[in-house]
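Student: Would you mind keeping the following structure in view while I ask a few things?
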Amino acid sequence: YIKDGKGLKPNEKIYSEFLHSKEDALTLAILRLSSNALRQPHFHFNANEMGYVISGCGKVGVIVSSTLSTDFSIEVGDVVFFPVGTQHYIKNTCDEDLLLILAFSTNNQLQTLDMDDYFHGTADQILAQLFFKNQAEFKKVPRLKEDQAINLP
Numbered sequence: 001y002i003k004d005g006k007g008l009k010p011n012e013k014i015y016s017e018f019l020h021s022k023e024d025a026l027t028l029a030i031l032r033l034s035s036n037a038l039r040q041p042h043f044h045f046n047a048n049e050m051g052y053v054i055s056g057c058g059k060v061g062v063i064v065s066s067t068l069s070t071d072f073s074i075e076v077g078d079v080v081f082f083p084v085g086t087q088h089y090i091k092n093t094c095d096e097d098l099l100l101i102l103a104f105s106t107n108n109q110l111q112t113l114d115m116d117d118y119f120h121g122t123a124d125q126i127l128a129q130l131f132f133k134n135q136a137e138f139k140k141v142p143r144l145k146e147d148q149a150i151n152l153p
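Under full-length UniProt numbering, read the sequence shown as residues 1 to 153, first letter to last.
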């Protein structure tokens, strides 16, 4: 980041100023998604998330409830922000890799819940009640050995 923000585009300046103001309380990460890859729906218990698109393009989705969600396109130079507890996902829609720098508003361990972990961590009888399905249907859902935080095509 550039500390003084001179010569930056508006979105770059916002991102740079945010990073500078939180330099003693941030966790930074890089997210690289190959073509058609999906960072599955998830949310963070203890941090806001801000991302800056370095390369590629994609879609970002925010899920508010089972009846309310939205998505929007992102490209190089865009900034995205998800408040703590907001369920969201990121999908690469380009042929090239989608690369983002992510900043989380905590310098402690980031606490994240991925939806597949929630699904497999909930008892079948509760899932049956939530989704109005027979409990036996949920016993058929396979448990994958690999972490599904990022689903590759």
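Here a beta-carbon is modelled for each residue, glycine too, at the ideal position from N, C-alpha and C.
These numbers were taken from a predicted model, which means no experiment stands behind them.
Pick out whichever of Ala123, Asn108 and Leu38 has its Cα sitting closest to the Cα of Asp97.
Tutor: Nearest of Ala123, Asn108 and Leu38 to Asp97, Cα basis: Leu38.
Student: For the 8 Å Cβ check, are there 3 or more pairs between the region 29 to 37 and the region 68 to 88?
Tutor: Not touching, per the Cβ criterion.
Student: Around the C-beta of Val64, are 16 or more other C-beta atoms found within 10 angstroms, so that it is buried, or is it exposed?
Tutor: So Val64 counts as exposed.
Student: Take His42 and list the residues in its own chain whose beta-carbon comes closer than 8 Å to its own, dropping the five residues that flank it on each side.
Tutor: Around His42: Gln87, His88, Tyr89, Thr112, Leu113, Asp114, Met115 and Ala149.
Student: Out of curiosity, what's the CA-to-CA distance linking Lys140 and Ser66?
Tutor: Cα to Cα, the separation comes out at about 23 Å.
Student: I want to know whether the region 9 to 19 touches the region 43 to 56 - three or more CB-CB distances under 8 Å.
Tutor: Segments in contact, yes.
Student: For Asn48, tell me which candidate among Ser16, Ala103 and Gly61 has the shortest Cα-Cα distance.
Tutor: When only C-alpha atoms are compared, the closest one is Ala103.
Student: Kindly indicate the opening and closing residues of the beta strand (DSSP E) around Leu99.
Tutor: Start and end: Leu98 to Phe104.
Student: Kindly indicate which residue of Gly58, Gly77, Glu17 and Val84 has the alpha-carbon position closest to the one of His44.
Tutor: It is Val84.
Student: So Asn107 and Leu26 are in contact, right, with Cβ under 8 Å, and what is the actual spacing, rounded?
Tutor: Rounded, the Cβ-Cβ distance is 6 Å, consistent with contact.
Student: What residue does the beta strand (DSSP E) around Leu33 start on, and which one ends it?
Tutor: Leu33 -> beta strand (DSSP E) spans Thr27 to Leu33.
Student: Could you compute how far the alpha carbon of Asn46 sits from the alpha carbon of Gln125?
Tutor: Straight-line Cα distance between these residues: approximately 29 Å.
Student: Could you tell me which uninterrupted alpha helix (DSSP H) segments, each at least 4 residues in length, are contained entirely in the UniProt domain "Cupin type-1" (6 to 139), listed from first to last along the chain?
Tutor: With a minimum length of 4 residues, the continuous alpha helix (DSSP H) runs that stay inside the UniProt domain "Cupin type-1" (6 to 139) are 10 to 21, 115 to 120, 124 to 131 and 135 to 139.
Student: Can you check which of these residues, Gln40, Leu99, Asn134 and Leu68, is closest to Val79 by C-alpha distance?
Tutor: With distances taken between Cα atoms, Val79 lies closest to Leu99.
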